[in-house]
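Chemist:
Residue numbers (my numbering), protein chains in the order written: chain A, 7 to 303; chain B, 1416 to 1650; chain C, 1159 to 1290.
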């Protein structure tokens, strides 16, 4: 892509005392796409997102969002004018009613889409007069989403948006994200739900122990990762299969199972050299790829 | 819009305080008025004002400390700071609106009782000394603003919805029981007006502008400090 | 046209989408000049990234199976090339059906046949790997 990235960080670090929450993170998010941000709990997802929005100051490194520096206070305000954020907490002002918080938020954004806000209010079945403190977590999440997308942001960042939603709520969330992306909004969201990531994302970034361990298009992942199951007459040494692209080898009895990110041809070739009796090649799902990447690092 | 938020956030506290202070004023004017027949009207008048001032001051301090609570650090404890900080507003502006909203409400709460008392007095046909009322108000505001500053600072330093108000209460109690050597800097002593009494219950002499200015300066310093603290914090 | 994409299949969604559109053209469910839903509409309907639909459409345009008119949408083109391709697929299907019948006769279960086909397709193109 030739357009400048929506998010770009270089050597971004955040330490809390001796704990390094984010270390040397080089993250690039392309515009007009849906990018998923995966990682285990405590991998540094939320810390990274909060640094992008100016809520946490980086210890080292730099970053830009929509071309503006995240560590410059004036730039940070400009970033937040064009970026909407749905936080992990999904907590809103308990003392406001749904209607009041919609009015409150709309006041900060000249491009506020009242028609969309009204449509989503009906779609999500949010009671306008109810106090936020009396909303269920699912309703709060939907309200938070409404407040985010009605801003008509250039970039929409969501931290585990589907957490606490029922299946219908998740479906509505994904539909909203797809519509937003079709309207030209860049979507960047963290999630633990591999199934939803597999459905709507174009790109997958994996963070582990504060560093980026994978940044690939989902199509490329699906096209290149394979599992090769081989049965041998007499099992060869695992070391013989430590080849380029091999991510994991497991042996049980006379069976060997290899997960490879590429170079499948050579692996099959090698198997035949060792007189394999059967060679089966199967597809690998994103869940497997994710776990593999995280375990390996 | 931030003012709208500040109002919605604090209006329950504010209205409760208004109700409480108005109730207190009625008590001051009516109850205290009943049992002082031997004295002259003027004596009775000053004594009512003085006891009224003391009662109002205590109630007002508590109300104001609670009104000054809130802000980003308390919002973080409640999990809503992420929403506030994602708005396109600088932290200094967030703090500024909050402090001004608190001060405006505190000012309204300080003036209100004196309006009520004056109104009742004029209906009853009693004399009103504007000098006394103005002096009491300046004492109230001039001492109270220091506590407002302390409340803002504490609520910017301490997480937890109950820890901060308890600490402010602690500071108030400390000032109430502070050693005499600290009298010259104790805002509570300043508020009581005991240094400016011509008689046990009548204020006299020049208004202490210098000390008032010093108190305002100290409060401004506390507030400036709390803005700096919040600006440099991670949320 | 009814499209159903599966995330568990492991195959890229845009390829699944392309195959299903091609299939609909081959079976006559889509005819020459038929209009397909716009990228946005189809993405919303399938709840997939608009990028996925855009990629499938542009690849199909490249193949000559679709004509994209900016703003107006995507239209099916059945030309000589796609028709010939359709015929080839038809002929291949008959051979595959025949093979499957024979394999069943030889006592193989459908699951085993499916696994063999899928595995065979995933093997490298250049050589034919002996499986015995």
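Beta carbons are placed, not taken as given, at the ideal position from N, Cα and C, and that holds for glycine.
For my contact list, residue 197(A) and residue 44(A) are in at a C-beta cut-off of 8 Å; report their separation, rounded to the angstrom.
Modeler: One-based indexing of the first chain puts residue 197(A) at position 191. One-based indexing of the first chain puts residue 44(A) at position 38. Right, their Cβ atoms sit about 7 Å apart.
Chemist: Over the uninterrupted beta strand (DSSP E) stretch that includes residue 193(A), give me the two end residues.
Modeler: If you number the first chain from 1, residue 193(A) lands on position 187. Per DSSP, residue 193(A) belongs to the beta strand (DSSP E) from 192-196.
Chemist: Give the single residue among 1234(C), 1270(C), 1278(C) whose Cα lies nearest to the Cα of residue 1195(C).
Modeler: Counting from one through the third chain, the residue named residue 1195(C) turns up at place 37. That would be 1234(C), whose Cα lies nearest to the Cα of residue 1195(C).
Chemist: Closer than 8 Å, Cβ to any Cβ of chain A: which residues of the segment 1630-1645 of chain B, in chain order?
Modeler: Of all residues in the segment 1630-1645 of chain B, none has a Cβ within less than 8 Å of some Cβ in chain A.
Chemist: Within a Cβ cutoff of 7 Å, which residues of the same chain sit near residue 263(A), ignoring the five residues on either side of it in sequence?
Modeler: For the purposes of this step, residue 263(A) is identified with residue 257 of the first chain, where counting begins at 1. These residues qualify, in order along the chain: 233, 235, 256.
Chemist: How would you write the range of the beta strand (DSSP E) that residue 26(A) sits in, first residue to last?
Modeler: Residue mapping note: residue 26(A) aligns to position 20 of the first chain, counting from 1. It spans 25-31 - the beta strand (DSSP E) in which residue 26(A) sits, taken as one unbroken run.
Chemist: Please list the segments of the alpha helix (DSSP H) lying wholly inside the segment 1245-1287 of chain C, counting only runs of 4 or more residues, in order along the chain.
Modeler: Counting whole runs of 4 or more residues, the segment 1245-1287 of chain C contains the alpha helix (DSSP H) stretches 1268-1280.
Chemist: Alpha carbon to alpha carbon, how far is residue 1467(B) from residue 1611(B)?
Modeler: As a working note, residue 1467(B) is residue 52 in the second chain. As a working note, residue 1611(B) is residue 196 in the second chain. The straight-line gap from Cα to Cα measures roughly 17 Å.
Chemist: Take residue 1162(C) as the anchor and find which of 1169(C), 1174(C), 1266(C) has the nearest alpha-carbon.
Modeler: Taking the first residue of the third chain as position 1, residue 1162(C) is located at position 4. Nearest C-alpha to residue 1162(C): 1174(C).
Chemist: I want to see whether chain A comes within less than 9 Å of residue 1287(C), judged by CB atoms only; does it?
Modeler: Position 129 of the third chain, counted from the start, is the residue given in the question as residue 1287(C). Interpretation of residue 1287(C) is limited by its pLDDT of 45, a score under 50 that renders its predicted location unreliable; the figure taken from the coordinates is listed afterwards. Yes, residue 1287(C) lies at the interface with chain A (some Cβ there is under 9 Å from its Cβ).
Chemist: Return the Cβ separation of residue 130(A) and residue 152(A) in integer angstroms, given the expectation that the two are a contact with Cβ distance under 8 Å.
Modeler: Position 124 of the first chain, counting from 1, holds the residue named residue 130(A). Position 146 of the first chain, counting from 1, holds the residue named residue 152(A). Correct: roughly 7 Å between the Cβ atoms.
Chemist: Within the chosen definition, does the segment 1519-1536 of chain B reach the segment 111-119 of chain A through at least 3 CB pairs nearer than 8 Å?
Modeler: Judged by Cβ distances under 8 Å, the segment 1519-1536 of chain B makes no contact with the segment 111-119 of chain A, as fewer than three pairs qualify.
Chemist: Going by C-alpha to C-alpha distance, which of 212(A), 286(A), 271(A) sits closest to residue 237(A)?
Modeler: Here residue 237(A) corresponds to residue number 231 of the first chain, with the count starting at 1. Nearest option by C-alpha distance: 286(A).
Chemist: For a cutoff of 9 Å on Cβ pairs, would you count residue 1501(B) as touching chain A?
Modeler: Within the second chain, numbered from 1, the residue matching residue 1501(B) stands at position 86. Closer than 9 Å to some Cβ of chain A, the Cβ of residue 1501(B) qualifies, so yes.
Chemist: Any C-beta of chain B within less than 8 Å: which residues of the segment 47-63 of chain A qualify?
Modeler: Listed by position, the residues of the segment 47-63 of chain A near chain B (Cβ gap below 8 Å) are 56, 59, 60, 61, 62, 63.
Chemist: For residue 68(A), which residues does DSSP report across the bridge?
Modeler: Locating residue 68(A) in the first chain gives position 62, counting from the first residue. 16(A), per the DSSP bridge assignment.
Chemist: Which whole-angstrom value describes the C-beta separation of residue 28(A) and residue 60(A), a residue pair presumed to lie in contact below a C-beta threshold of 8 Å?
Modeler: Your numbering for residue 28(A) matches position 22 in the first chain. Your numbering for residue 60(A) matches position 54 in the first chain. At roughly 15 Å, the Cβ-Cβ gap does not stay under 8 Å, so residue 28(A) and residue 60(A) are not in contact.
Chemist: Can you list the residues of chain B that residue 69(A) reaches, using a CB-CB cut of under 7 Å?
Modeler: Along the first chain, read from residue 1 onward, the residue named residue 69(A) stands at position 63. Correct list: empty, because the minimum Cβ distance to chain B is about 15 Å.
Chemist: Contact between the segment 1168-1182 of chain C and the segment 225-232 of chain A: three or more CB pairs below 8 Å?
Modeler: The answer is yes - the segment 225-232 of chain A touches the segment 1168-1182 of chain C, with three or more Cβ pairs under 8 Å.
Chemist: How would you label residue 1625(B), buried or exposed, when you count the other beta carbons within 10 angstroms and need 16 or more for buried?
Modeler: The count along the second chain starts at 1 and reaches residue 1625(B) at position 210. By the neighbour-count rule (16 or more Cβ atoms within 10 Å), residue 1625(B) is not buried but exposed.
Chemist: For residue 1500(B) versus residue 1546(B), is the C-beta distance shorter than 9 Å?
Modeler: The residue labelled residue 1500(B) in the question sits at position 85 within the second chain. The residue labelled residue 1546(B) in the question sits at position 131 within the second chain. In this structure, residue 1546(B) does not lie closer than 9 Å to residue 1500(B) by Cβ.
Chemist: Please confirm whether residue 168(A) has its beta-carbon closer than 9 Å to some beta-carbon of chain B.
Modeler: Taking the first chain and counting its residues from 1, one reaches residue 168(A) at position 162. No, because no Cβ of chain B sits closer than 9 Å to the Cβ of residue 168(A).
Chemist: Please confirm if residue 194(A) has its CB atom under 9 Å from at least one CB of chain B.
Modeler: Looking up residue 194(A) in the first chain gives position 188. By this cut-off, residue 194(A) is not an interface position.
Chemist: Give the straight-line distance between the Cα atoms of residue 1504(B) and residue 1487(B), rounded to the nearest whole angstrom.
Modeler: Here the question's residue 1504(B) lines up with position 89 in the second chain. Here the question's residue 1487(B) lines up with position 72 in the second chain. Answer to the nearest angstrom: the Cα atoms are 13 Å apart.
Chemist: Would the beta-carbon of residue 251(A) fall within 9 Å of that of residue 273(A)?
Modeler: Residue 251(A) sits at position 245 when you count from the first residue of the first chain. Residue 273(A) sits at position 267 when you count from the first residue of the first chain. Yes, they are a contact pair.
Chemist: Verify the CB distance criterion: does residue 298(A) have a CB-CB separation below 9 Å to chain C?
Modeler: As a working mapping, residue 298(A) is identified with position 292 in the first chain. No, its Cβ sits nowhere closer than 9 Å to a Cβ of chain C.
Chemist: Have a look at the DSSP bridge pairing and note the partners of residue 255(A).
Modeler: By 1-based counting over the first chain, the position of residue 255(A) is 249. Beta-bridge pairing links residue 255(A) to 264(A).
Chemist: Are the CB atoms of residue 1589(B) and residue 1557(B) nearer to each other than 9 Å?
Modeler: Translated into the one-based positions of the second chain, residue 1589(B) becomes position 174. Translated into the one-based positions of the second chain, residue 1557(B) becomes position 142. Not a contact, by the Cβ cut-off of 9 Å.
Chemist: Rounding to the nearest angstrom, what Cα-Cα distance links residue 1645(B) and residue 1575(B) in this structure?
Modeler: On the second chain, residue 1645(B) is found 230 positions in, with the first residue counted as 1. On the second chain, residue 1575(B) is found 160 positions in, with the first residue counted as 1. If I take the Cα positions, the gap works out to 15 Å.
Chemist: Taking only the alpha-carbon atoms, compute the straight-line gap between residue 1277(C) and residue 178(A) and give it to the nearest angstrom.
Modeler: Taking the first residue of the third chain as position 1, residue 1277(C) is located at position 119. Taking the first residue of the first chain as position 1, residue 178(A) is located at position 172. Cα to Cα, residue 1277(C) sits roughly 36 Å from residue 178(A).
Chemist: Once DSSP output is grouped into helix, strand and coil, what is the label at residue 1440(B)?
Modeler: By 1-based counting over the second chain, the position of residue 1440(B) is 25. Three-state result, residue 1440(B): helix.
Chemist: Under 8 Å between beta-carbons, which chain A residues line up against residue 1206(C)? List them in chain order, please.
Modeler: As a working note, residue 1206(C) is residue 48 in the third chain. Chain A residues near residue 1206(C): 184, 205, 206.
Chemist: In the DSSP assignment, the alpha helix (DSSP H) including residue 126(A) goes from what residue to what residue?
Modeler: Counting from 1 along the first chain, the entry for residue 126(A) is found at position 120. It spans 120-129 - the alpha helix (DSSP H) in which residue 126(A) sits, taken as one unbroken run.
Chemist: According to DSSP, which residues form a beta bridge with residue 117(A)?
Modeler: Indexing the first chain from 1 puts residue 117(A) at position 111. None, per the DSSP bridge assignment.
Chemist: Any contact between the segment 1479-1494 of chain B and the segment 130-143 of chain A? By contact I mean 3 or more CB pairs, one from each, below 8 Å.
Modeler: Touching, no.
Chemist: Against residue 211(A), what residues of chain C qualify as contacts under a CB-to-CB distance less than 7 Å, listed in chain order?
Modeler: The residue labelled residue 211(A) in the question sits at position 205 within the first chain. Within 7 Å Cβ-Cβ: nothing; residue 211(A) doesn't reach chain C, min ~15 Å.
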